[in-house]
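Working notes, beginning with the structure itself.
Protein chains: 2
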Amino acid sequence: MTALVSVERLAINQITTKPWALDNAIRGYARHGVHAVAVWRDKLAELGQPAARRMLGDYGMRVVALTPVRVPVATDGDVQSAMDEILRAFDEATEIGAESLLMLAGPPMTMSPEKMKGVLAERLYALKQRAPSSLQLVIEPLHPIYAATVSPLNTLRDALDLCDQVEGLGVAVDVYNLSWDWDLERQIERAAGRLKGFHVSDWLRETTGDIRYDRGMMGDGCIDIRRIREWMDRAGYRDTIEVEIFSQNNWWRRDPDEVVRTCIERFHIYC
Amino acid sequence: MTALVSVERLAINQITTKPWALDNAIRGYARHGVHAVAVWRDKLAELGQPAARRMLGDYGMRVVALTPVRVPVATDGDVQSAMDEILRAFDEATEIGAESLLMLAGPPMTMSPEKMKGVLAERLYALKQRAPSSLQLVIEPLHPIYAATVSPLNTLRDALDLCDQVEGLGVAVDVYNLSWDWDLERQIERAAGRLKGFHVSDWLRETTGDIRYDRGMMGDGCIDIRRIREWMDRAGYRDTIEVEIFSQNNWWRRDPDEVVRTCIERFHIYC
Numbered sequence: 001m002t003a004l005v006s007v008e009r010l011a012i013n014q015i016t017t018k019p020w021a022l023d024n025a026i027r028g029y030a031r032h033g034v035h036a037v038a039v040w041r042d043k044l045a046e047l048g049q050p051a052a053r054r055m056l057g058d059y060g061m062r063v064v065a066l067t068p069v070r071v072p073v074a075t076d077g078d079v080q081s082a083m084d085e086i087l088r089a090f091d092e093a094t095e096i097g098a099e100s101l102l103m104l105a106g107p108p109m110t111m112s113p114e115k116m117k118g119v120l121a122e123r124l125y126a127l128k129q130r131a132p133s134s135l136q137l138v139i140e141p142l143h144p145i146y147a148a149t150v151s152p153l154n155t156l157r158d159a160l161d162l163c164d165q166v167e168g169l170g171v172a173v174d175v176y177n178l179s180w181d182w183d184l185e186r187q188i189e190r191a192a193g194r195l196k197g198f199h200v201s202d203w204l205r206e207t208t209g210d211i212r213y214d215r216g217m218m219g220d221g222c223i224d225i226r227r228i229r230e231w232m233d234r235a236g237y238r239d240t241i242e243v244e245i246f247s248q249n250n251w252w253r254r255d256p257d258e259v260v261r262t263c264i265e266r267f268h269i270y271c
Numbered sequence: 272m273t274a275l276v277s278v279e280r281l282a283i284n285q286i287t288t289k290p291w292a293l294d295n296a297i298r299g300y301a302r303h304g305v306h307a308v309a310v311w312r313d314k315l316a317e318l319g320q321p322a323a324r325r326m327l328g329d330y331g332m333r334v335v336a337l338t339p340v341r342v343p344v345a346t347d348g349d350v351q352s353a354m355d356e357i358l359r360a361f362d363e364a365t366e367i368g369a370e371s372l373l374m375l376a377g378p379p380m381t382m383s384p385e386k387m388k389g390v391l392a393e394r395l396y397a398l399k400q401r402a403p404s405s406l407q408l409v410i411e412p413l414h415p416i417y418a419a420t421v422s423p424l425n426t427l428r429d430a431l432d433l434c435d436q437v438e439g440l441g442v443a444v445d446v447y448n449l450s451w452d453w454d455l456e457r458q459i460e461r462a463a464g465r466l467k468g469f470h471v472s473d474w475l476r477e478t479t480g481d482i483r484y485d486r487g488m489m490g491d492g493c494i495d496i497r498r499i500r501e502w503m504d505r506a507g508y509r510d511t512i513e514v515e516i517f518s519q520n521n522w523w524r525r526d527p528d529e530v531v532r533t534c535i536e537r538f539h540i541y542c
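Heads up: the protein sequence lines correspond to chains A and B, in order. Here the first sequence stands for residues 1 to 271, where the numbers follow our numbering. Here the second sequence stands for residues 272 to 542, where the numbers follow our numbering.
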C-alpha cells in the first residue's frame with residue numbers, strides 16, 4: 001500500500017489560476033485551505049512587494065518559490081543585464097520571504113553541450129555567491145522539446161551535473177518535463193538532499209502540439225504521478241507538491257475557484 | 272579542418288519526396304546520381320515487390336533500409352498480429368534486397384520503464400532469432416516529445432541498453448530526434464560497431480508545434496549536423512548519410528526534383 005500524502009503538502013503555482021491577480025490568488029487559495037504558493041514575478045510586480053508581503057502574512061501563506069528567472073547560456077548578447085535581472089529577483093524574493101528562486105537555463109543558442117555546461121556552472125556559481133543565504137536557488141530542467149527555443153537544460157541528470165559543481169544548488173522535478181525519461185528514478189535517487197521542488201500536472205496524450213500551454217490536470221493524462229512521488233519519498237523529499245498547470249484552452253478559461261477545488265480533489269487521488 | 276564526405280554516401284529516405292511513388296523515386300534519385308534509398312513499406316506495397324526488385328536492380332539502387340515496423344511494448348492488446356506484421360516485413364525486405372529493417376518501439380502505454388525495457392528486449396531477441404541473417408535489424412530512438420503517443424524509446428542510451436541485450440541489433444542515429452541530448456557524443460562513442468544508420472534533417476527553431484511533419488532541410492535550422500557526423504566518424508561509422516525530411520508545409524509541396532537537388536547541395540555544405 002502506498003502512503004497517501006497530506007493535503008498540507010499541496011502548493012499551487014499561481015500560473016494554474018492565471019486569471020487571478022496575486023491578491024485574488026492569495027485570498028482564493030486560503031479560502032480553500034491551501035497555504036503554499038509559487039509566485040510569478042510579473043504578478044508580483046503588479047501588486048508590488050510591500051502589499052504582497054503584507055497579504056501573504058495576513059493569510060498565513062508560504063511562498064515556496066518565486067519564478068522564473070533565466071540564467072543565460074550565451075557568451076555574447078547582453079549577459080550582464082540578464083545577470084542583473086536575477087539579482088533583482090534575489091531582492092524581490094527577500095522582500096516577500098520566498099523560500100526559493102526557480103531558475104531556468106536559457107534561452108539556448110548553438111553551442112556545444114560542454115561549453116553550455118561550463119558557462120552555466122560558472123554563472124550559477126557566481127549567482128550562488130551573491131544570493132542571500134536564506135534563499136534556496138533551484139534549477140529546473142525543461143522538456144527536450146524546448147531545447148532549441150526555451151532552454152537547453154533538458155534532463156535531471158544534466159541539472160544534477162550542475163549541482164555537483166555548485167554547492168547548495170537544488171533541483172526542481174516537474175513530472176511534465178521529465179516523466180518520459182527512463183533514467184528518472186535513478187536520477188531522483190541521485191538527487192537526494194538536493195530535491196527542492198516537485199511540480200505536478202499531467203500529459204494529455206492527444207495534445208495537439210501546443211505542449212507548452214496545454215498541460216492537463218492530474219488524472220486527465222498518462223503520467224503515473226504517484227509512482228514518481230514515491231521515488232521522491234524514497235529520496236527523502238518531504239516538502240511541497242506544487243500543482244503547475246499551463247492550460248490556455250481549458251483550466252485558464254474556468255472559474256479559478258473551480259480550478260483550486262479540482263486541484264485539491266485530484267491531489268488526493270493522484271499524488 | 273573537417274574532412275568532407277563524398278556524395279556517394281548520400282542516401283534519401285523516400286518520405287523526403289513523398290509525392291513520388293516508389294518507381295518515380297527510383298528513377299528520380301538515379302537521375303540525380305543518388306544510388307541509395309530507404310524504402311517505405313506502404314510505397315513498396317503500391318508498386319509490389321517483384322516490380323520494385325526489378326527496378327531497383329535496373330537503376331543500380333541500394334536499399335539501405337526498409338521502414339518502418341513497430342515492435343509492441345504492450346503486454347495486452349494484439350501483440351501476436353503486431354509481431355506477425357514484422358515477420359511479413361522480413362519477407363518484404365528479403366524480396367527487395369533491403370540491407371536493414373528500421374524498427375520503432377511502440378506505440379507506448381503506461382508501464383514502468385524497467386517493464387518496457389524487459390518486454391522490448393525479449394521481443395527484439397525473438398525477432399532477431401527469426402530474421403534472415405542477411406538483414407540487419409535496426410532500432411531507432413525517437414524524440415521524447417513522442418513518448419506518450421508514438422514511441423517510449425527516446426534516447427540513444429536506452430536503445431544501446433537494448434542492443435547490449437540483443438546481440439547483432441543495431442541503432443540508427445537521427446539528428447532530429449537526438450541532437451538535444453547533452454549525452455549524445457558519449458553515447459555515439461559507446462555505439463561503435465552498432466551504428467547502422469545516420470539520418471539527417473534540421474530543426475526549424477520557430478517550428479510551430481507540429482514537430483512531426485515540419486522538419487527542415489539541412490542548413491535551415493539549428494542542428495550542428497557536421498559536428499554529429501564527426502562523432503559518427505570517430506565511432507567508425509562509414510555508411511550512408513540518409514536525408515529524412517517530413518515536411519507537410521514545405522518540401523512535400525515542392526517539385527521532388529528540386530527537393531533532391533537541394534538535398535545534394537545541402538549535403539555538401541552541412542553534412
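Cβ coordinates follow ideal geometry from the N, Cα and C atoms, glycine included. Only a predicted model underlies this, so the values are computations on that prediction, with no experimental measurement involved.
Residues of its chain near residue i, where Cβ-Cβ distance is below 7 Å and the 5 sequence neighbours each way are ignored
| i | result |
| --- | --- |
| residue 454(B) | 428 |
| residue 245(A) | 16, 201, 215, 217 and 251 |
| residue 212(A) | 246 |
| residue 462(B) | 427, 431, 442 and 506 |
| residue 346(B) | 390 |
| residue 303(B) | 531, 532 and 535 |
| residue 177(A) | 141, 142 and 143 |
| residue 492(B) | 473, 474, 475 and 476 |
| residue 423(B) | 344, 376, 377, 379 and 387 |
Continuous alpha helix (DSSP H) stretch holding residue i: start and end
| i | result |
| --- | --- |
| residue 170(A) | Looking at the DSSP string, residue 170(A) is not in any alpha helix (DSSP H); the run it does join, the beta strand (DSSP E), is 170 to 174. |
| residue 81(A) | 79 to 96 |
| residue 49(A) | 49 to 58 |
| residue 494(B) | No alpha helix (DSSP H) contains residue 494(B), which DSSP labels as neither H nor E. |
| residue 249(A) | Counting along the chain, residue 249(A) falls outside any alpha helix (DSSP H), and DSSP gives it neither H nor E. |
| residue 437(B) | Careful: residue 437(B) lies outside any alpha helix (DSSP H) and carries neither H nor E. |
| residue 482(B) | From DSSP, residue 482(B) is part of no alpha helix (DSSP H); its letter is neither H nor E. |
| residue 534(B) | 527 to 541 |
| residue 118(A) | 113 to 130 |
| residue 184(A) | 184 to 190 |
| residue 612(B) | Given that chain B is displayed from residue 272 to residue 542, the structure contains no residue 612(B) and the question cannot be resolved. |
Sequence-distant residues of its chain with Cβ nearer than 6 Å to residue i (five each side left out)
| i | result |
| --- | --- |
| residue 369(B) | 334 and 337 |
| residue 125(A) | 166 |
| residue 525(B) | none |
| residue 123(A) | 71 |
| residue 559(B) | Lying before the first or after the last residue shown, residue 559(B) is absent from chain B, which here runs from 272 to 542. |
| residue 79(A) | 72 |
| residue 109(A) | 74 |
| residue 240(A) | 9, 11, 36 and 64 |
Residue i - partner residues in DSSP beta bridges
| i | result |
| --- | --- |
| residue 216(A) | 202(A) |
| residue 145(A) | For residue 145(A), which the question treats as bridged, DSSP gives no partner whatsoever. |
| residue 338(B) | 311(B) |
| residue 371(B) | 407(B) |
| residue 151(A) | Residue 151(A) is not bridged to any residue. |
| residue 513(B) | 282(B) and 470(B) |
| residue 62(A) | 36(A) |
| residue 105(A) | 71(A) |
Residue i Cβ short of 7 Å to the ligand ZN heavy atom set
| i | result |
| --- | --- |
| residue 459(B) | For the structure depicted, the ligand ZN is absent and the ligand set is empty, with no information on it obtainable. |
Range covered by the beta strand (DSSP E) that runs through residue i
| i | result |
| --- | --- |
| residue 13(A) | 10 to 13 |
C-beta neighbour in chain D for residue i, strict 8 Å
| i | result |
| --- | --- |
| residue 286(B) | Included in the structure are the protein chains A and B, with no chain D among them. |
Cutoff 8 Å; reference residue i; Cβ partners in own chain excluding five residues on either side
| i | result |
| --- | --- |
| residue 92(A) | 41, 44, 49, 66 and 98 |
| residue 194(A) | 160, 163, 169, 170 and 171 |
| residue 401(B) | 358 and 361 |
| residue 275(B) | 539 |
| residue 135(A) | 90, 93, 94, 98, 99, 100 and 101 |
Interface residues of the stretch 419 to 438 of chain B facing chain A [CB-CB below 8 Å]: 419, 420, 423, 425, 426, 428 and 429
Identify each residue in the stretch 129 to 143 of chain A for which the Cβ-Cβ distance to at least one residue of chain B is less than 7 Å, and report them in chain order. 143
Given a limit of 9 Å on CB to CB distance, which residues of the stretch 480 to 497 of chain B reach chain A? 480, 481, 482, 483, 492, 493, 494 and 495
Give the residues from the stretch 444 to 456 of chain B that approach chain A closer than 7 Å (Cβ to any Cβ), ordered along the chain. 451 and 453
For the stretch 108 to 120 of chain A, which residues have a CB atom closer than 8 Å to at least one CB atom of chain B, in sequence order? 110, 112, 113, 116 and 117
Determine which residues of the stretch 227 to 238 of chain A have a Cβ less than 8 Å from any Cβ of chain B, and write them out in chain order. 227
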